[in-house]
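Numbering (UniProt numbering), first residue to last: 1 to 412.
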């Protein structure tokens with residue numbers, strides 16, 4: 001997304017990319033205090049309180065835990081997690097229902113040759129999906145494109161699509177007349193089963209963790225959070241939790257992102273998704289370094305490609321404050337610059353930048369033209385986490401006015 005700013009003529013320095021759970025969290029903090037038992041926000045955002053943010057979107061469900069600090073800012077307590085259990089999973093269940101009736105070959109041909117009709121069908125389902133709720137008793141009616149019936153007849157000469165409905169395993173629960181498919185409310189509700197089960201099971205697993213056991217509130221936001229089926233399932237599964245669902249939950253992230261832009265200081269701590277560090281060459285030690293990493297420079301043996309860690313995956317970092325300052329020295333007396341290659345890793349303790357899971361992010365070079373002190377020179381390097389980027393800064397140890405910075409992606 002950041003790379004697209006140039007194409008869109010957006011100044012990179014004026015762009016702030018907000019994390020969706022954080023944006024939704026800030027939006028909910030600005031909601032009027034409600035004390036009703038169904039959707040109470042009373043006391044949720046007091047200092048020291050922890051709450052879980054469940055961002056149920058169309059494609060994925062992202063879950064994280066936040067804590068309110070004394071100054072009212074929000075600190076992330078665990079790395080965002082979740083899965084592809086959003087609203088499109090329900091769409092897939094509806095498509096699967098049609099496949100069970102007309103057959104896989106018919107459905108694939110219909111989608112391939114009639115893309116517009118298929119999109120129109122799924123848009124119709126999207127509208128009807130929001131009306132399906134636990135108390136629904138009436139049948140749900142869908143308008144089916146004529147092209148699907150025509151495709152079925154082409155693939156099954158002598159048969160019509162209504163016959164397929166009568167012969168399907170759902171024949172008691174649905175009727176298909178001309179271009180209208182009507183399904184029983186009970187069958188319509190089963191379309192949500194897989195998605196809702198994944199979400200509830202994952203939340204139950206999270207609540208087993210010691211760091212989450214004292215969380216008493218769940219913020220349910222995102223487009224899929226507006227589904228009465230998901231709302232009901234979450235409330236029933238966590239009857240002892242305060243489940244908060246803001247009005248227009250689908251806009252919570254958008255409106256929260258606006259708040260993030262105006263009040264970025266409200267996010268004070270984040271969990272590192274990756275380990276961050278720089279590539280270094282240390283004096284070779286045959287007892288700990290593999291021989292294939294040994295290089296010779298000015299008749300001195302060094303170990304190449306060492307991953308020197310600054311922050312580790314899972315570590316809580318303070319937003320806007322330099323983290324873990326480290327000093328690096330030159331290896332040659334006449335060396336006039338130091339080059340820092342920045343890497344990230346999925347592992348907690350990467351040994352070399354060539355290890356599996358490591359990724360090169362960029363290079364930072366600081367000029368050091370004054371060579372009068374020979375090898376007794378160096379640069380101080382620190383990383384500052386702000387927004388969704390990391391500012392890596394190198395400062396000349398002997399001349400603090402000489403410094404250079406670059407930005408890399410905090411999300412890896």
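By construction, the Cβ of each residue, glycine as well, lies at the ideal position given by its N, Cα and C atoms.
Residue 301 - DSSP class collapsed to helix/strand/coil: strand
Three CB pairs or more closer than 8 Å across the stretch 205 to 222 and the stretch 131 to 138: no
Neighbourhood of residue 168 by C-beta distance below 7 Å, restricted to the same chain and skipping five residues each side: 100, 101
Within 8 Å, strictly: CB atoms of residue 280 and residue 316: no
Under the three-state DSSP convention, the category residue 378 falls into: strand
Cβ shell of residue 185 (< 6 Å), same chain only, five flanking positions each side left out: 136, 137
Touch test, the stretch 143 to 162 against the stretch 102 to 111, Cβ-Cβ under 8 Å, three pairs minimum: yes
Same chain, Cβ closer than 7 Å to residue 289, five either side skipped, listed in chain order: 303
Pair within 8 Å by beta-carbon distance, residue 173 and residue 183: yes
Nearest-angstrom Cβ-Cβ length linking residue 53 and residue 21, presumed shorter than 8 Å: 4 Å
Closest Cα partner of residue 371 within the set 348, 333, 347, 383: 333
Where the alpha helix (DSSP H) through residue 248 begins and ends: Premise fails: residue 248 is in no alpha helix (DSSP H) and is neither H nor E.
Closest residue to residue 380 among 400, 248, 144, 351 (Cα-Cα distance): 400
DSSP-derived helix/strand/coil call for residue 355: coil
Simplified DSSP state of residue 172, which is helix, strand or coil: coil
Reference residue 57, options 24, 95, 103, 287, closest by Cα: 24
Local Cβ density within 10 Å of residue 274, reported as buried at 16 or more and exposed below that: buried
Residues that DSSP places opposite residue 386 in a beta bridge: 389
Buried or exposed (CB count within 10 angstroms, at least 16 for buried), residue 35: Only weak support is given to the placement of residue 35: the predicted model assigns it a pLDDT of 48, under 50, and the value that follows is read from those uncertain coordinates. Exposed, by the Cβ-count rule.
Unbroken stretches of the beta strand (DSSP E), 3 residues or longer, contained in the stretch 112 to 170: 140 to 143
Nearest-angstrom Cα separation, counted from residue 227 out to residue 203: 18 Å
Proximity of residue 293 and residue 340 at Cβ, strictly below 8 Å: no
Pick from 224, 164, 233 that is closest to residue 197, judged by C-alpha positions: 233
Contacts around residue 98, its chain only, beta-carbon distance under 7 Å, and the 5 residues preceding and following it disregarded: 107
Proximal residues to residue 70 (C-beta, below 7 Å), its chain only, five neighbours per side dropped: 47
Inter-residue Cα distance where the pair is residue 155 and residue 123: 25 Å
Meets three-Cβ-pair contact criterion under 8 Å: the stretch 318 to 330 and the stretch 344 to 359: no
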